[in-house]
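Here my numbering is used: the first residue of the sequence shown is 44, the next is one more, and so on.
Yeah, the Cβ is synthetic: ideal placement off N, Cα and C, and Gly gets one too.
Note that the coordinates shown come from a computational prediction; the quantities given were computed from them, not determined experimentally.
Below: the structure, in C-alpha cells.
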Amino acid sequence: MIISCLQTVPKETIEEALDEALDLASIAIKDNSKFLFLPEYCGGITSNGKLYFPPSEKETKHLFLKEFKKFCETNKIWVSIGSIAIKLENNKIVNRSFILNPSGEIVSKYDKIHMFDISIDGEEHYESSTIHFGNKGVLAETEIGIIGHSICYDIRFPNLYRKLAQSGAEILIIPAAFTKTTGSAHWHILNRSRAIENVCFVISPCAVGKIPGGGESYGHSLIINPWGEIIKDGGDQRGIISTTINTNLVSKFRNQLPSLSHDKNFTISKLL
44 MIISCLQTVP
54 KETIEEALDE
64 ALDLASIAIK
74 DNSKFLFLPE
84 YCGGITSNGK
94 LYFPPSEKET
104 KHLFLKEFKK
114 FCETNKIWVS
124 IGSIAIKLEN
134 NKIVNRSFIL
144 NPSGEIVSKY
154 DKIHMFDISI
164 DGEEHYESST
174 IHFGNKGVLA
184 ETEIGIIGHS
194 ICYDIRFPNL
204 YRKLAQSGAE
214 ILIIPAAFTK
224 TTGSAHWHIL
234 NRSRAIENVC
244 FVISPCAVGK
254 IPGGGESYGH
264 SLIINPWGEI
274 IKDGGDQRGI
284 ISTTINTNLV
294 SKFRNQLPSL
304 SHDKNFTISK
314 LL
C-alpha cells in the first residue's frame, strides 16, 4: 500500500485549512496513495507569537472532520487527521487526532498529552494556556499495521512510545507543527531515535511555513524505517512525500534486536 504525508501550510480558518488539505489529498490519491497522513493543527491555527488559537468546534459539528469522512468514503482511503481543535462539552479545547477508515468511520482518536510550553532565547510558546491535555495512549488497528498515536511535543517523552510499542504498535505517528527553531536543532534526531528505540516505523507529517499571527513551522515531514533510516524527507516546501511500507520489517528487526523485551526494573542511588 502506498502511504503519503501531506505537508500543508498553516491556515487561519477551518475552511481555508480544509481547502489546503483536500487539495494535496486529491493529488495524492491520483498517485494511488491509500493512506494519507496530515500534520498537527491541519484544521487551522493562529498565534499571537506566544499563544496558539486554533479554530475549534465540537466533534459532531467540525467541518474538517465531516468533510474528510466523506472524502475517505468516496475515495475508499484511510486518513490520519494529524490534529484539529475539538471543543468539549465543558468548553475546554483539546488537540485531537483521528484515524478514519475507507468507510469514513472513526477508527481511533487521541488527545495530545504533553503541552508545548517553552522559552528559548526569547521565543516563547504556552500551549497549555489555551489547550487542555489528554491522559490516554491510543493504539489503532489499520490495514498497514498497528498504529500508536502521538502529536508533536509528545516526541520528547520516550516513555509514551515505549509503552505504545510494548503494547503492540508497529508504526508510530507523530503529526507535528514543529517550530523552525526547535525543528532545525532536534526534529530529525528525535524522530530517528523513536524509530530506533522501539524498532518501529515512524510517520511524521509536519506543517511548513508561516503561522498566521506569528511563528513558523519547520516542515521536513519524515517517513523512517525500524532501523532508523530516513526513507522520505519532505524538505522545506509545501508538498507530498510517498512510499510503500512493509510491517514485516518490524518483526524482522525485532527478532534480530529484541530490545523491547529487555527492559529491567532498577533503582536510583542518590550520592550525597
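Exercise. Measure the C-alpha to C-alpha separation of Pro301 and Leu292 and round it to an integer number of angstroms.
Key: Their Cα atoms are separated by approximately 13 Å.
Quiz item: Tyr204 by DSSP, collapsed to three states: which one?
Solution: Here Tyr204 sits in helix by DSSP.
Exercise. Could you check what DSSP says for Asn234 in three-state terms: helix, strand or coil?
Key: In the structure shown, Asn234 sits in a helix (DSSP, three-state: H, G or I).
Quiz item: Based on the DSSP secondary-structure assignment, which residues constitute the bridge partners of Val251?
Solution: Answer is Tyr261, bridged to Val251.
Quiz item: What residues are listed by DSSP as bridge partners for Thr103?
Solution: According to DSSP, which records beta bridges pairwise, Thr103 is partnered with nothing at all.
Exercise. Leaving out five residues on either side along the sequence, give the residues of the same chain with a beta carbon under 8 Å from the beta carbon of Ile120.
Key: In its chain, beyond the 5 residues on either side, Ile72, Ser76, Lys77, Phe78, Leu79, Phe114, Pro145 have a beta carbon closer than 8 Å to the beta carbon of Ile120.
Exercise. Alpha carbon to alpha carbon, how far is Pro218 from Asn234? Give it in angstroms, no decimals.
Key: C-alpha of Asn234 to C-alpha of Pro218: approximately 11 Å in a straight line.
Quiz item: Just curious, the alpha helix (DSSP H) that Glu327 is in, first and last residue?
Solution: Given a span of 44 to 315 for the chain in the structure shown, any question on residue 327 remains unanswerable.
Quiz item: Smallest Cα separation from Phe200: which of Phe159, Ala64, Ser172, Ile163?
Solution: Residue Phe159 is the option with its Cα nearest to Phe200.
Practice problem: Output yes or no for whether 9 Å exceeds the beta carbon distance between Ile149 and Lys112. | Solution: Result yes, Cβ atoms of Ile149 and Lys112 sit closer than 9 Å.
Quiz item: Can you name the start and end residues of the beta strand (DSSP E) that Gln50 belongs to?
Solution: Counting along the chain, the beta strand (DSSP E) containing Gln50 begins and ends at 45-50.
Exercise. Please determine if the segment 46-62 and the segment 255-274 are in contact, where contact requires at least 3 C-beta pairs separated by less than 8 Å.
Key: The segment 46-62 makes contact with the segment 255-274; the number of CB pairs closer than 8 Å reaches 3 or more.
Quiz item: Within the chosen definition, does the segment 246-260 reach the segment 293-313 through at least 3 CB pairs nearer than 8 Å?
Solution: The segment 246-260 is not in contact with the segment 293-313.
Quiz item: Under the DSSP definition of a beta bridge, which residues are partnered with Leu182?
Solution: Beta-bridge annotation (DSSP): Leu182 is paired with Gly191.
Quiz item: Taking just the CA atoms, how far does Asp276 sit from Ile283?
Solution: So the two alpha carbons sit approximately 10 Å from each other.
Quiz item: Which whole-angstrom value describes the C-beta separation of Leu215 and Gly191, a residue pair presumed to lie in contact below a C-beta threshold of 8 Å?
Solution: About 5 Å separates the two Cβ atoms, so the contact holds.
Exercise. Going by DSSP, name the residue or residues bridged to Ile273.
Key: Checking the DSSP bridge columns, you'll see Ile273 partnered with Ile267.
Practice problem: Report the residue from Ile161, Gly211, Lys155 whose alpha carbon sits nearest the alpha carbon of His175. | Solution: Ranking Ile161, Gly211, Lys155 by CA distance to the CA of His175 puts Lys155 first.
Practice problem: Can you say whether Ile88 is buried or exposed, counting buried as having 16 or more other CB atoms within 10 angstroms of its CB? | Solution: Result: buried.
Exercise. Determine the direct distance from the alpha carbon of Thr222 to that of Leu207, and round the result to whole angstroms.
Key: Their Cα atoms are separated by approximately 25 Å.
Practice problem: Measure how close the beta-carbons of Pro98 and Ala128 come, nearest whole angstrom, since I'm counting them as under 8 Å. | Solution: About 6 Å separates the two Cβ atoms, so the contact holds.
Quiz item: Do you know how far the Cα of Cys195 is from the Cα of Ser210?
Solution: A direct Cα-to-Cα measurement between Ser210 and Cys195 gives close to 21 Å.
Exercise. Would you give the residue range spanned by the beta strand (DSSP E) that Phe296 belongs to?
Key: Counting along the chain, no beta strand (DSSP E) covers Phe296; the unbroken alpha helix (DSSP H) around it starts and ends at 291-299.
Self-check item: Three-way DSSP call (helix, strand, coil) for Arg139 in this model
Solution: Arg139: strand per DSSP, three-state reduction.
Quiz item: What three-state label does DSSP hand Phe80 in the structure shown?
Solution: Strand, per DSSP.
Self-check item: Assigned secondary structure, Leu94 (DSSP; H/G/I helix, E/B strand, else coil)
Solution: Looking at Leu94 - three-state DSSP - the assignment turns out to be coil, as it is neither helix nor strand.
Exercise. In angstroms with no decimal places, state the Cα-to-Cα distance between Ser193 and Ile45.
Key: Using only the alpha carbons, I get a separation of about 22 Å.
Exercise. Report yes if the CB atom of Ile57 is closer than 9 Å to the CB atom of Phe96, and no otherwise.
Key: Remark: C-beta atoms of Ile57 and Phe96 do not approach each other more closely than 9 Å.
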